[in-house]
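S.K.: I am attaching a structure below and will ask some questions about it afterwards.
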DNA sequence: CCGCATCCGTTTCGATACTG
DNA sequence: CAGTATCGAAACGGATGCGG
């Protein structure tokens, strides 16, 4: 049964925590921030969450107008969960948490989802005004993403770009390592952990731009 | 016994929530954001939190380097809890939550602390670039605060200003109402809910500036 | 296989009472 | 004032089962 407890404060901070302060709630929002996901996608992304926990959180978030459930077109006997407009407004909260959390110690056995890495990469690039303009096609697992950097505006979308300057195929682990240490790019390519095509120098410069912010966040 | 569970993710968002995602943790940070507080101050500010809950959270936050316990000078047989530098870095998280939470429904029986109102007032003024420059002395309960607005820089401090343009003595409830509807200022003064001295017109303009942001936040 | 509902042991929460 | 002790209630976490 969904959780209903409240801090019973009129403070907006407490009200926000009443809505998304339950355990797992903000991680569900995080996973849905870049792309709608099915129940089983969320399970894979949040292996520590039990099924009934996920069901409860999704129901609560739906009841609060943060998440919406949408049926897929008839042939697919499934549905996806996606953020509502109100849910997307949580992005600044997620971004602030990511910036702060980068300074906390990481469990060395921790998992890492594609969404996590992409959000952190995006945040790092946004934090660096000198980020070069470039459109990158990112293939992580079986999903294709577009990373667009243009005049300091950084966007990540779950689709293939019309025209990519560079293409990289890798996994979240490797991409995360590259965000902190772009110097590993050649080693990752040699090991087969990453395949790169197109403007390799541009991609390298983009990663360097992210690394500047990423390292300063982690160091604080 | 303090909580030790973790999401076991290397995602910075999950790491942040590992540190401050437990129930009540961020409300403790909120209360300490503007001024160090004693245990009993926190109890009053968070009446829904049981004493052992507060003890647990304070110990955890202390262990994580977010809160520090400081003994007061000898005559006072007491100590205060205050944020560390790392703890103060949570301010953007708190601000983002406040901005989002203003759009959530408020329980009509909810309490409201001075800190809550001051943080929201500060956030509203910061969100409005047209905020007039003014120094206000704010007396809430038995505490004196300084609200300084200068060239768009808004600061709230727990002390008396060197020189105030205006002085207002009221309670958190009334101040919160004024942030949304400055038109009530005269009524509040007539009812004795607020006493104002000095540049009343300036204070009124400042409240109007806050109200513009406050209403747009609540309306979204 | 997907999306849940049910059951159950464990942890955390919340309220009250009590102590240095 | 600043906590500890205790205990029932709620939430969490994992396993299993069941209808599409």
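Protein chains in written order, with this note's numbering: chain L, 1 to 220; chain Z, 221 to 440.
Cβ coordinates follow ideal geometry from the N, Cα and C atoms, glycine included.
What is the C-beta distance between residue 7 of chain L and residue 343 of chain Z, in whole angstroms, given that I count them as a contact (C-beta under 8 angstroms)?
M.R.: That pair is no contact at about 19 angstroms.
S.K.: Which residues in chain L have a C-beta closer than 9 angstroms to the C-beta of residue 333 of chain Z? List them in chain order.
M.R.: Those within 9 angstroms of residue 333 of chain Z in chain L are 9 and 11.
S.K.: Give a yes or no on whether the C-beta atoms belonging to residue 104 of chain L and residue 235 of chain Z are separated by under 8 angstroms.
M.R.: Yes, they are a contact pair.
S.K.: For chain Z, find out if any of its Cβ atoms is closer than 8 angstroms to the Cβ of residue 94 of chain L; answer yes or no.
M.R.: Chain Z contact via Cβ: present.
S.K.: Taking residue 382 of chain Z and residue 418 of chain Z to be in contact with their CB atoms under 8 angstroms, please state how far apart those CB atoms are, rounded to whole angstroms.
M.R.: At roughly 14 angstroms, the Cβ-Cβ gap does not stay under 8 angstroms, so residue 382 of chain Z and residue 418 of chain Z are not in contact.
S.K.: Per DSSP, what are the beta-bridge partners of residue 248 of chain Z in this structure?
M.R.: Answer is none; residue 248 of chain Z lacks a bridge partner.
S.K.: Quick one: is residue 15 of chain L near chain Z, going by C-beta distance under 8 angstroms?
M.R.: Yes - at least one Cβ of chain Z is within 8 angstroms of the one on residue 15 of chain L.
S.K.: Chain Z beta carbons: is any one of them nearer than 8 angstroms to that of residue 177 of chain L?
M.R.: False, the Cβ-Cβ gap to chain Z never drops below 8 angstroms.
S.K.: Please report the distance separating the alpha-carbon of residue 55 of chain L from that of residue 219 of chain L.
M.R.: Spanning the two alpha carbons is a distance of roughly 37 angstroms.
S.K.: If contact is defined by three or more beta carbon pairs under 8 angstroms, each pair taking one atom from either stretch, is the stretch 22 to 41 of chain L in contact with the stretch 57 to 70 of chain L?
M.R.: Yes, they touch.
S.K.: The beta strand (DSSP E) that contains residue 79 of chain L, what's its start and end?
M.R.: Start and end: 79 to 83.
S.K.: Using 8 angstroms as the Cβ pair cut-off and three pairs as the minimum, do the stretch 200 to 215 of chain L and the stretch 33 to 46 of chain L touch?
M.R.: Short answer: they don't touch.
S.K.: I need the straight-line Cα distance from residue 391 of chain Z to residue 407 of chain Z, nearest angstrom please.
M.R.: The alpha-carbon atoms of residue 391 of chain Z and residue 407 of chain Z are separated by roughly 14 angstroms.
S.K.: Helix, strand or coil: how does DSSP classify residue 286 of chain Z here?
M.R.: Coil.
S.K.: Within a Cβ cutoff of 8 angstroms, which residues of the same chain sit near residue 66 of chain L, ignoring the five residues on either side of it in sequence?
M.R.: The answer, listed in chain order, is 19, 20, 29, 83, 84, 86, 87 and 90.
S.K.: Are residue 51 of chain L and residue 38 of chain L close, meaning C-beta to C-beta below 8 angstroms?
M.R.: Result no, Cβ atoms of residue 51 of chain L and residue 38 of chain L do not sit closer than 8 angstroms.
S.K.: Can you list, in chain order, the residues of the stretch 249 to 270 of chain Z whose Cβ is nearer than 7 angstroms to any Cβ on chain L?
M.R.: Listed by position along the chain: 250 and 268.
S.K.: Residue 321 of chain Z: buried (16+ other C-beta within 10 angstroms of its C-beta) or exposed?
M.R.: Result: buried.
S.K.: Can we say the stretch 360 to 379 of chain Z touches the stretch 396 to 406 of chain Z, given the rule of at least three CB pairs closer than 8 angstroms?
M.R.: With the cut-off at 8 angstroms, the stretch 360 to 379 of chain Z and the stretch 396 to 406 of chain Z do not touch.
S.K.: Going straight from the alpha carbon of residue 422 of chain Z to that of residue 377 of chain Z, what length do you get?
M.R.: Looking at the two C-alpha atoms, the distance is approximately 19 angstroms.
S.K.: Out of curiosity, what's the CA-to-CA distance linking residue 57 of chain L and residue 71 of chain L?
M.R.: So the alpha carbons of these two residues sit roughly 18 angstroms apart.
S.K.: Residue 336 of chain Z to residue 13 of chain L, Cα distance in whole Å?
M.R.: In a straight line, the C-alpha of residue 336 of chain Z is about 8 angstroms away from that of residue 13 of chain L.
S.K.: Shorter than 8 angstroms from the beta carbon of residue 322 of chain Z to some beta carbon of chain L?
M.R.: Chain L contact via Cβ: present.
S.K.: To which residues does DSSP link residue 356 of chain Z through a beta bridge?
M.R.: Z/367 and Z/386.
S.K.: What number of angstroms, rounded off, separates the C-alpha of residue 118 of chain L from the C-alpha of residue 317 of chain Z?
M.R.: Spanning the two alpha carbons is a distance of roughly 22 angstroms.
S.K.: Thinking C-beta only, is residue 414 of chain Z closer than 8 angstroms to residue 394 of chain Z?
M.R.: Yes, the Cβ-Cβ distance between residue 394 of chain Z and residue 414 of chain Z is below 8 angstroms.
S.K.: Between residue 209 of chain L and the rest of its own chain, which residues show a CB-CB distance below 7 angstroms, the 5 nearest in sequence each way excluded?
M.R.: Same-chain partners within the cutoff: 125, 128, 130, 131 and 132.
S.K.: When you compare only the Cα positions, how much space is there between residue 231 of chain Z and residue 387 of chain Z?
M.R.: One C-alpha to the other measures close to 46 angstroms.
S.K.: For a quick check, are the C-beta atoms of residue 313 of chain Z and residue 426 of chain Z less than 8 angstroms apart?
M.R.: Result no, Cβ atoms of residue 313 of chain Z and residue 426 of chain Z do not sit closer than 8 angstroms.
S.K.: Give me the residue from Z/326, Z/328 and Z/363 with the minimum Cα distance to residue 334 of chain Z.
M.R.: The residue with the shortest Cα to Cα distance from residue 334 of chain Z is Z/363.
S.K.: Check distances from the C-beta atoms of the stretch 339 to 353 of chain Z to those of chain L and list, in chain order, the residues that come in under 9 angstroms.
M.R.: Listed by position along the chain: 339, 340 and 343.
S.K.: Can you look up residue 324 of chain Z in the DSSP assignment and give me helix, strand or coil?
M.R.: In the structure shown, residue 324 of chain Z sits in coil (DSSP, three-state: anything other than H, G, I, E or B).
S.K.: Can you tell me which of the three DSSP states residue 309 of chain Z falls into?
M.R.: Looking at residue 309 of chain Z - three-state DSSP - the assignment turns out to be coil, as it is neither helix nor strand.
S.K.: Which two residues bound the contiguous alpha helix (DSSP H) that contains residue 191 of chain L?
M.R.: 185 to 191 is the span of the alpha helix (DSSP H), which, as asked, contains residue 191 of chain L.
S.K.: Would you say residue 62 of chain L lies against chain Z (beta-carbon separation less than 8 angstroms)?
M.R.: Chain Z, which has no Cβ nearer than 8 angstroms to the Cβ of residue 62 of chain L, makes this no.
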